[in-house]
Amino acid sequence: MDSPALLTRCAEKEIYAYGTAFLFESRSRALRFRLRILSFLSLAVPLSVGGTALVSADAKLLPVIVTISGILSIPLFAMALWSLVFRWEERLAASEHSCKLNNELKNRWNDLARYTGSDAEQRFQTLLDRDRMQEHDDVTQDVSVKDKRRMMRASLIQYRRQCATCGIQPISLSAKSSNCEMCGKF
């Protein structure tokens, strides 16, 4: 690729795709953990109470066991309701899908930056269309302003770049000391 402008545009797109993949990978990890906890508790609470009731055949202990079961079930039901209302499983699937596609876009932008063929501009436009479609899908996944800042910070770290707003090259994902509107405050 001869055009420095095209190289710069590819690099920018690669950086944004990396940040988006980073966000959705982090989100997937958190949702997967929550769903595993929910699955474990959904089985552990009834099994432990039922097992205790089975082993202890004393009729006097049965009301205590039922009370304990009821108390343990309340947070479990609240968590299950929370997962349903906030669609954890759907969000996990969408996050995993977005992470995969954004990683693929990142790799394609990187490949295109090194491409030397005469049809580089045409390939750029084709990839840009695909990138825009993915961006349109990602917007529907409740990406907050803080998420965008976290994505930018992760990208700046990965690609060893300075923030265009504050001029600092971050070395850590911790943004506690940063007041930057682009790569901090999250």
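The sequence shown maps to residues 0 to 185 in numbering that gives the first Met the number 0. Note that CB positions come from ideal geometry on N, CA and C, so glycine has one too. Source: prediction; values computed, not measured.
Open item on the list: Just to confirm before moving on: does the CB-CB distance between L22 and D128 stay below 7 Å?
Closed with: The residue given as residue 22 occupies position 23 in the sequence shown. The residue given as residue 128 occupies position 129 in the sequence shown. No, they are not a contact pair.
Open item on the list: Does L53 come out as helix, strand or coil in the three-state DSSP assignment?
Closed with: Mapped onto the sequence shown, residue 53 falls at position 54. Reduced to three states, the DSSP call for L53 is helix.
- [ ] Use the C-beta contact count for D57: other C-beta atoms within 10 angstroms, 16 or more gives buried, fewer gives exposed.
- [x] Position 58 of the sequence shown, counting from 1, holds the residue named residue 57. Exposed, because fewer than 16 other Cβ atoms sit within 10 Å of the Cβ of D57.
Task: Neighbourhood of I156 by C-beta distance below 6 Å, restricted to the same chain and skipping five residues each side - done: Counted from its first residue, the sequence shown places residue 156 at position 157. When the five nearest sequence neighbours on each side are left out, the beta carbons in the same chain lying within less than 6 Å of the beta carbon of I156 are those of P169, in order along the chain.
Task: Identity of the residue in L91, A4, A10 nearest R160 by Cα - done: Here residue 160 is taken as the residue at index 161 of the sequence shown, counted from 1. The residue with the shortest Cα to Cα distance from R160 is A10.
- [ ] Can you have a look at T7 and say buried or exposed, based on whether 16 or more other CB atoms are within 10 angstroms of its CB?
- [x] Indexing the sequence shown from 1 puts residue 7 at position 8. Classification for T7: exposed.
Task: For I36, three-class secondary structure by DSSP - done: Taking the sequence shown and counting its residues from 1, the one referred to as residue 36 is at position 37. Three-state result, I36: helix.
TODO: Would you check if there are 3 or more beta carbon pairs closer than 8 Å linking the segment 113 to 124 to the segment 30 to 41?
DONE: Flag = no, the segment 113 to 124 and the segment 30 to 41 do not touch.
Task: Three-state secondary structure assigned by DSSP to R28 - done: Residue 28 sits at position 29 when you count from the first residue of the sequence shown. Correct three-state label for R28: helix.
TODO: Work out the CA separation of R152 and S187 for me, nearest whole Å.
DONE: No answer is possible for residue 187: it lies beyond the span of the chain, which begins at 0 and ends at 185.
Task: Alpha-carbon spacing of I73 relative to E13, whole angstroms - done: Your numbering for residue 73 matches position 74 in the sequence shown. Your numbering for residue 13 matches position 14 in the sequence shown. When rounded, the distance between both Cα atoms is 46 Å.
Open item on the list: Beta-carbon within less than 7 Å of R107's beta-carbon, same chain only, minus the 5 sequence neighbours each way: which residues are those?
Closed with: Position 108 of the sequence shown holds residue 107. Only L126 meet the Cβ criterion.
TODO: Would you identify the three-state DSSP class for V142, choosing helix, strand or coil?
DONE: In the sequence shown, residue 142 corresponds to position 143, counting from 1. Here V142 sits in coil by DSSP.
Open item on the list: Quick check on this structure: which residue in S47, E95, L46, M181 has the alpha carbon closest to the alpha carbon of L30?
Closed with: Residue mapping note: residue 30 aligns to position 31 of the sequence shown, counting from 1. Closest option to L30, Cα to Cα, is E95.
TODO: Taking S68 as part of the alpha helix (DSSP H), name the residues at either end of that continuous run.
DONE: Looking up residue 68 in the sequence shown gives position 69. Unbroken alpha helix (DSSP H) run through S68: 61 to 84.
Task: Proximity winner among S47, K175, A92, relative to I67 (alpha-carbon distances) - done: The sequence position of residue 67 within the sequence shown is 68, counting from 1. It is S47 whose Cα lies nearest to the Cα of I67.
TODO: Kindly indicate which three-state DSSP category Q161 falls into: helix, strand or coil?
DONE: The residue labelled residue 161 in the question sits at position 162 within the sequence shown. Reduced to three states, the DSSP call for Q161 is coil.
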